[in-house]
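So the structure is just underneath, and the comments pick up after that.
Below, the structure is given as structure tokens:
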């Protein structure tokens, strides 16, 4: 291998059984096209492909999917952000025949990213011909640039949700979801969420048992609880340079119902309240009170999205002193009531 290795997707497609296979078996073969958008994130493309390929392995001689990597460019060689090019099966211009599922992978996304008008036109045309259309990570911005998410709930990597809102105000952006289905259009959050989405698609097609076997093989959850928010405030402990504050931040995330006053937290950090508040704000980037509220709000959102607990129970478990305080916090921070959040969250998940 030379100095410029390439990830190749041009191996021969999995062959249909030449003997013993019926026309019904062939009809069940679903063609999955995964678009590699340069510069591609390898896992956004390869992660979902691995899920569909594992589904084929579990079925032995009757594959369920024909998986192809498609370049969103004139050249089959798609650069990636790690410097290892992806050699696609074909370019989007070369793609012919019916497609069951079309997924747009994410890529490294500078703010001035633009896509060829011909590719966006191709995407719009094919969106009407496929059974399912989806995106991984910043692939949602590609769908939005093609005008395919207007009026729809959608998500993307948390770091690019604001850009999606600003560039495409008609898209109903949910910055917390791992993935969202709206009729036959699916969008997923950052990087590994493409695996979550692919598992969900396999579950739709082949059932929960097959999807669970794949999840076990890949050592991932079939369904992750919570949303992208679980990777924001609670990760502050890992980014903090002070070991004593890292330990305290980790304790705070696990003990939301405890006393979180500046005086109490300062004692745990062996600092005076005034010095603690100053150091905490400098190290974490927000005041102790704001961080506590963020942690509790994230916990409440996770519970509202994944449990049927009453509002009083959610408030108690997430550290709010009462359901009324929780309501006021939601109204001030999110502009909705907890009940409205729960209803919209579940509606977006089940469309």
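Numbering (my numbering), first residue to last: 52 to 402. In this text, a Cβ means the ideal position worked out from N, Cα and C, and glycines have one as well. The model shown is predicted, which means the values in this text are computed figures rather than measured ones.
Can you tell me which of the options puts its alpha carbon nearest to the alpha carbon of residue i?
{"i": "residue 341", "options": "300, 375, 356", "result": "300"}
{"i": "residue 303", "options": "85, 344, 373, 321", "result": "344"}
{"i": "residue 266", "options": "323, 83, 99", "result": "99"}
{"i": "residue 107", "options": "184, 79, 199, 143", "result": "79"}
{"i": "residue 349", "options": "237, 329, 176, 384", "result": "384"}
{"i": "residue 298", "options": "321, 247, 312", "result": "321"}
{"i": "residue 140", "options": "263, 130, 120", "result": "120"}
{"i": "residue 393", "options": "351, 314, 374, 160", "result": "351"}
{"i": "residue 238", "options": "365, 370, 215, 256", "result": "215"}
{"i": "residue 158", "options": "264, 133, 296", "result": "133"}
{"i": "residue 295", "options": "111, 204, 318, 369", "result": "318"}
{"i": "residue 310", "options": "110, 176, 371", "result": "371"}
{"i": "residue 291", "options": "180, 330, 87", "result": "330"}
{"i": "residue 149", "options": "210, 165, 176", "result": "176"}
{"i": "residue 180", "options": "160, 165, 236, 379", "result": "236"}
{"i": "residue 184", "options": "220, 248, 313, 258", "result": "248"}
{"i": "residue 167", "options": "326, 97, 89, 328", "result": "89"}
{"i": "residue 93", "options": "326, 242, 323, 259", "result": "242"}
{"i": "residue 164", "options": "324, 218, 328", "result": "218"}
{"i": "residue 209", "options": "220, 201, 224", "result": "224"}
Could you tell me which residues DSSP puts in a beta bridge with residue i?
{"i": "residue 233", "result": "236"}
{"i": "residue 116", "result": "81"}
{"i": "residue 86", "result": "121, 155"}
{"i": "residue 223", "result": "204"}
{"i": "residue 141", "result": "121"}
{"i": "residue 128", "result": "138"}
{"i": "residue 183", "result": "152"}
{"i": "residue 91", "result": "131, 158"}
Classify residue i: buried if its beta carbon has 16 or more other beta carbons within 10 angstroms, exposed otherwise.
{"i": "residue 386", "result": "exposed"}
{"i": "residue 207", "result": "buried"}
{"i": "residue 222", "result": "buried"}
{"i": "residue 268", "result": "exposed"}
{"i": "residue 226", "result": "buried"}
{"i": "residue 126", "result": "exposed"}
{"i": "residue 87", "result": "buried"}
{"i": "residue 256", "result": "buried"}
{"i": "residue 376", "result": "exposed"}
{"i": "residue 270", "result": "exposed"}
{"i": "residue 359", "result": "exposed"}
{"i": "residue 369", "result": "buried"}
{"i": "residue 203", "result": "buried"}
{"i": "residue 72", "result": "Note that residue 72 has pLDDT 36, beneath the 50 cutoff, so the model's placement of it is unreliable and the number below is only indicative. So residue 72 counts as exposed."}
{"i": "residue 305", "result": "exposed"}
{"i": "residue 62", "result": "With a pLDDT of only 38 at residue 62, under the threshold of 50, the placement of this residue in the model should not be trusted; the figure read from the coordinates follows. Residue 62 comes out exposed."}
{"i": "residue 105", "result": "buried"}
{"i": "residue 323", "result": "exposed"}
{"i": "residue 391", "result": "exposed"}
Can the beta-carbon of residue i be found less than 7 Å from the beta-carbon of residue j?
{"i": "residue 188", "j": "residue 95", "result": "yes"}
{"i": "residue 82", "j": "residue 113", "result": "no"}
{"i": "residue 174", "j": "residue 186", "result": "no"}
{"i": "residue 355", "j": "residue 389", "result": "yes"}
{"i": "residue 156", "j": "residue 246", "result": "no"}
{"i": "residue 339", "j": "residue 316", "result": "yes"}
{"i": "residue 374", "j": "residue 382", "result": "no"}
{"i": "residue 135", "j": "residue 128", "result": "no"}
{"i": "residue 102", "j": "residue 307", "result": "no"}
{"i": "residue 197", "j": "residue 171", "result": "yes"}
{"i": "residue 231", "j": "residue 244", "result": "no"}
{"i": "residue 264", "j": "residue 109", "result": "yes"}
Quick test of your reading: residue i and residue j, contact by CB under 8 Å. State the CB separation rounded to the nearest angstrom.
{"i": "residue 293", "j": "residue 337", "result": "Incorrect: roughly 15 Å between the Cβ atoms, too far for contact."}
{"i": "residue 123", "j": "residue 143", "result": "6 Å"}
{"i": "residue 182", "j": "residue 233", "result": "Wrong, their Cβ atoms sit about 14 Å apart, outside the cutoff."}
{"i": "residue 262", "j": "residue 253", "result": "5 Å"}
{"i": "residue 442", "j": "residue 131", "result": "What is shown of the chain runs 52 to 402, which leaves residue 442 out entirely."}
{"i": "residue 199", "j": "residue 178", "result": "5 Å"}
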